[in-house]
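These protein sequence lines map, in sequence, to chains W and H.
For the first sequence, the working numbering gives the first residue as 1, with consecutive numbering after it.
For the second sequence, the working numbering gives the first residue as 1001, with consecutive numbering after it.
No residue lacks a Cβ here, since even glycine has one placed at the ideal position from N, Cα and C.
Here is the structure we will look at, set down as C-alpha cells.
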Amino acid sequence: MSDTLLEIKDLKVHFPIRSKHLFGGVTKYVKAVDGVSFYIEKGETLGLVGESGSGKTTVGRSILRAIEPTEGQVTFNVDGKMLDLAQLTDKEMRTFRKHMQLIFQDPYSSLNPRMTVRDIIAEPLVAQELAKGKEVDERVRDAAALCKLNLEYLRRFPHAFSGGQRQRIGIARALISQPQFVVCDESVSALDVSIQAEILNLLMDLQAEFGFTYLFIAHDLSVVAHISKRVAVMYLGQFVELAPTKELFYAPKHPYTEALMSAIPEVDPDQEMTPVHLEGEIPSPINPPSGCRFHTRCPYVQDICKTEIPKWQEIEKEHFVGCHFANTLTLNGVEIPDTIAAAD
Amino acid sequence: MTSTTNETINGPDLLDVKDLKISFKTDEGIITAVDGINFSVKRGQTLGIVGESGSGKSVSTWSIMRLLPKNSIIDKSSSIQFHRKDGKKVEITRLKPNGRELREIRGGEVALIFQEPMSSFSPVYTIGNQIIEAVLQHRNVSKDEAKEIAIDMLDKVGISNPRQRFKQFPFELSGGMRQRAMIAVALSMNPSLLIADEPTTSLDVTIQAQILKLMRDLQQDLGMAIIFITHNLGVIAQVADEVEVMYLGKILERGTAKEIIHRSQHPYTQALLKAIPQLDSTGERLTAISGDIPSPLSRPAGCPFHTRCEKVMPGICDVEMPNPTQLSDTHTVYCFLHEEKDV
Chain W
1 MSDTLLEIKD LKVHFPIRSK HLFGGVTKYV KAVDGVSFYI EKGETLGLVG
51 ESGSGKTTVG RSILRAIEPT EGQVTFNVDG KMLDLAQLTD KEMRTFRKHM
101 QLIFQDPYSS LNPRMTVRDI IAEPLVAQEL AKGKEVDERV RDAAALCKLN
151 LEYLRRFPHA FSGGQRQRIG IARALISQPQ FVVCDESVSA LDVSIQAEIL
201 NLLMDLQAEF GFTYLFIAHD LSVVAHISKR VAVMYLGQFV ELAPTKELFY
251 APKHPYTEAL MSAIPEVDPD QEMTPVHLEG EIPSPINPPS GCRFHTRCPY
301 VQDICKTEIP KWQEIEKEHF VGCHFANTLT LNGVEIPDTI AAAD
Chain H
1001 MTSTTNETIN GPDLLDVKDL KISFKTDEGI ITAVDGINFS VKRGQTLGIV
1051 GESGSGKSVS TWSIMRLLPK NSIIDKSSSI QFHRKDGKKV EITRLKPNGR
1101 ELREIRGGEV ALIFQEPMSS FSPVYTIGNQ IIEAVLQHRN VSKDEAKEIA
1151 IDMLDKVGIS NPRQRFKQFP FELSGGMRQR AMIAVALSMN PSLLIADEPT
1201 TSLDVTIQAQ ILKLMRDLQQ DLGMAIIFIT HNLGVIAQVA DEVEVMYLGK
1251 ILERGTAKEI IHRSQHPYTQ ALLKAIPQLD STGERLTAIS GDIPSPLSRP
1301 AGCPFHTRCE KVMPGICDVE MPNPTQLSDT HTVYCFLHEE KDV
C-alpha cells in the first residue's frame, strides 16, 4: 500500500478519572477510544460519523497528538517511509506538525480576538519557523487569496467577520504550512446552509489543487456523504463499520449504521421518515457493555452478542464491519434515488 | 404532522399576525429584525419557519409571548391576535407586559421549547420541581396533584422511570432526555400553541428522529398547533403542514410543505434547496449562494435578497419590495419575477 498516507493500528485513548479522595489515585478510565484500526489513502477524504460521546473528536486529535494516545500505532507515510508518530519525542513531533493541521468547528472561539487576521493566518509559519520577514507576508497573502478572503481585510480583527469568513480564516491558517493531512472537526456544522455549501466547495477545491488528505468528522450524515470517499461509523469508542460512501449509505451491514441512516430526515414531504427505534441511551464509556458494545440497544441482538466481542472483518472489498451477523442480516440503507438505480 | 389534510390548513384560526415589525435600539442605531410580516396559525396545524441566522425567525415568534429584550420595539401598527381557550380574542401587543392575562397566556396557552436543553433548566432544582412550579403557576391544583401531573407528563414524553427521574437534576440527564423533559414542562399545561425554536438542532440524528416522532404523537393526542423553527429543510419537510421562508426579517415565500420543497418559486428558496448536500451528488460542487447575509444595520433597499440573487433585475429588485403573488390558495411568493406575469 504505497499510497497509504496514514495507518492507525489499535489506537486507544483512555482518560483517567481520579478518585474524590485526596490519596485515592486513579480508579477508573473513560475509554474514549478503545482499539480503532484504519488507514487513510493519500488525497482521499475519510468521513467519520457517530453520536456525541462516541469518540470521533478524540480519534482526530490523538492522530495529531493534540491528545496523547494511550496505546497503539499511528504511522505516517513520509516520502515512502512509514514513521510511527506515537513514538516521536515532543521535539520531533513539533517539527513534524507542519504536515498536519486541524480546522475547528466554532469559527468564533477558534480565532484569537486580539490577533489580526494576518497574524492568525501567519501563526503556523511563525511557530514552526518555516518562513521569515517578507516571505511570511507573501505566503499569508497567497493563503488568504486561495480562501477567497479580501486582502484588504488582513489588518482587521476577527470580530469584524461573519461566520463563513471566519471559517475561511481558519482554513487559510490550516493550509499555510502546506500540510499533507488535515483534520476537519465539525468544520461546517456551525454554518448556515448557503455558507456551508461554499466552505465545502472550498475544501474540495483545495483538495483537488494540493492533494490534501482529509479526515472529515461531522454528525451531519449528508454533509459527510457529500465530501467523503469512504465513511467510518463510530459507536462508544470503537468503529462498527467502514465502507465506501455509497455502499455504507445504500447497503449498511451493521445494525447501528442502519439506525443512523433511517434517522436522516429526507428533504421530501412525501417520504415519511421511519426511524429504527434504538432502546435506551448510549452507555457510559467508563463501563462499556461486554461483548458487542451495541448489544444493549441492538434490535437484532442474540446471546452471542452479549458475551463475545465481534471481529473487525473485511466482508467485501474495502467494506469493514464489526458484527457477528454481518453476513446474515438484511439491513436497509438510504433509499437509492431513481437516477442512480436507472444507471445501474 | 406530515399528514397534510385540508382540515388542518383550513381549520379555525388560532393566531393572526398582521404587519409585525420589530426593531431593536442599539448603540449603533436602530436594527429592524422583523419587517412587516403577516402569518397565521390554525388550530392543530404545524407551521414551519425556515431561515438562516439573522432572518428574524426567533424574534418574530418569541414576540407572540412578548419575550423580547427590553430594547425591543414592536411597531404600533403591528397586530398579534390570539384566540384564547375560552373563545376570547386578545390583542397580544396591547397587553400589559407583566399583567395577569399575559402571564396566563405565556406558558399556559402558548408554550416554548428551545434549542439548548442544558441552559433552559435551572441547574439547582430537580426536574420534577421545575415542572411542578410551572403546573402550580397555571393550574388550580394542590402540590400533590401537581406532582402526579408532572410524573404523568414525564411518562408521556417517553422518559423511563419517571418517578426516579422526577428527583434528578438536569445535569444527570443526557441531551435527548433533557429535551424530552423540556417538552414535558411545556406540555404539562396543555397549551394550544407550542413554539419549538430549533428544538432538535443540538441533538444527534437518532435522538432528533425520536423527538420529532414524539412531538408528532403528542400533537395528535393533544391537538395543539406548533410553530416549528429550524434551518434544516429536511426536518421541515418531515414535520410541517405549511412553511414560511424568511430572509432578513421578511417572508419571501409561503406554501404547503410540498409546494415549498417540490415547487418552490422564489430564487432564495430554490438556492437554499440546491445548497443542501445530497448523497447522490458525492464529490460534486454544491451550488452555493454567493456573498454573505447583509448586516441588519445596512439592510438593502427593495427585496432583501437582491444582493445575492442570481436572477436580480437591476432597477426593479433594488428599489421596491415586491408585492405578494398568489400562486395557489396556499402558495404565495414575494418576487418580481412572478409579479410581472400577473400584470
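Residues of the region 203-233 of chain W that bring their beta carbon within less than 9 angstroms of a beta carbon in chain H comprise M204, D205, H219, D220, L221, S222, V223, V224, A225, H226, I227, S228, K229, in sequence order.
Under the criterion of beta carbons closer than 8 angstroms, H:A1209 and W:M273 qualify as touching, at roughly 6 angstroms. Uninterrupted alpha helix (DSSP H) stretches at least 4 residues long and entirely within the region 1012-1090 of chain H occur at 1057-1062, given in chain order. Residue-level contact by beta carbon fails for W:G60 and chain H, as no gap is shorter than 9 angstroms. Contact between W:E51 and W:I282 is confirmed by a C-beta separation of about 6 angstroms, below the 8 angstroms threshold.
DSSP places W:P16 within a strand segment (E or B) once states are collapsed to three. Burial check for H:E1148: the Cβ neighbour count within 10 Å stays below 16, so the residue is exposed. Under the 10 Å beta carbon count, W:M82 is surrounded by fewer than 16 other beta carbons and is classified as exposed. Per DSSP, W:R230 is one residue of the beta strand (DSSP E) stretching across 230-235. Secondary structure at W:T245: helix, using DSSP grouped into helix, strand and coil. Following the DSSP letters along the chain, one finds H:G1107 inside the alpha helix (DSSP H) bounded by residues 1100-1108. For W:S52, the chain H residues whose C-beta falls within less than 8 angstroms of its own C-beta are G1175, D1204, listed in chain order. Closest in C-alpha terms to W:D270, from the list H:I1127, H:D1204, H:K1258, comes H:K1258.
Rounded to the nearest whole angstrom, the C-alpha separation of W:T296 and W:C305 is 9 angstroms.
When C-beta distances to chain W are compared with 8 angstroms, the residues of the region 1035-1052 of chain H below that value are E1052, in chain order.
Residue burial is scored here from C-beta neighbours: W:R61 has at least 16 other C-beta atoms within 10 angstroms and is therefore classed as buried. Identification of chain H residues near W:Q165 by a Cβ-Cβ cut-off of 8 angstroms yields D1292, ordered along the chain.
DSSP places W:F23 outside any beta strand (DSSP E), giving it a letter other than H or E.
Look at W:A243: its C-beta is not under 9 angstroms from any C-beta on chain H.
As for any alpha helix (DSSP H) of minimum length 4 sitting wholly inside the region 254-295 of chain W, the runs are 255-262, ordered along the chain. Among the bridge pairs identified by DSSP, H:K1143 is matched with none.
The residue from W:K28, W:P244, W:L102, W:Y300 with its alpha-carbon nearest to that of W:L64 is W:L102. According to the DSSP assignment, W:E198 belongs to no beta strand (DSSP E) but to the alpha helix (DSSP H) extending over 193-210. In its chain, beyond the 5 residues on either side, Q1115, T1230, H1231, N1232 have a beta carbon closer than 8 angstroms to the beta carbon of H:T1201.
Of the other Cβ atoms in all chains shown, 16 or more fall within 10 Å of the Cβ of H:G1234; this residue is therefore buried. Distance check between W:V193 and each of W:G163, W:P244, W:F96 places W:G163 closest, using alpha-carbon atoms only. Fully contained in the region 49-98 of chain W are the following beta strand (DSSP E) runs of length 3 or more, in chain order: 71-78, 81-84.
Straight-line measurement puts the Cα of H:D1204 at about 36 angstroms from the Cα of H:K1143.
In this structure the region 102-116 of chain W touches the region 178-187 of chain W; the number of beta carbon pairs closer than 8 angstroms is three or more.
With respect to the 9 angstroms criterion, W:P275 and W:L331 are not classified as neighbours on the basis of their beta carbons.
Per DSSP, W:Q313 is not a residue of any alpha helix (DSSP H); the beta strand (DSSP E) it occupies stretches across 313-316. Shown here, H:P1267 sits in a helix according to DSSP, grouped into three states. Proximity to W:F325 across W:K253, W:S262, W:E318 peaks at W:K253, based on C-alpha coordinates. Residue-level contact check: H:K1213 touches chain W, since one or more beta carbons of chain W fall below 9 angstroms from its beta carbon. Scanning the region 1201-1236 of chain H from its first residue to its last, the whole alpha helix (DSSP H) runs of 4-plus residues come out as 1205-1222. Residues of the region 177-192 of chain W that bring their beta carbon within less than 7 angstroms of a beta carbon in chain H comprise D192, in sequence order.
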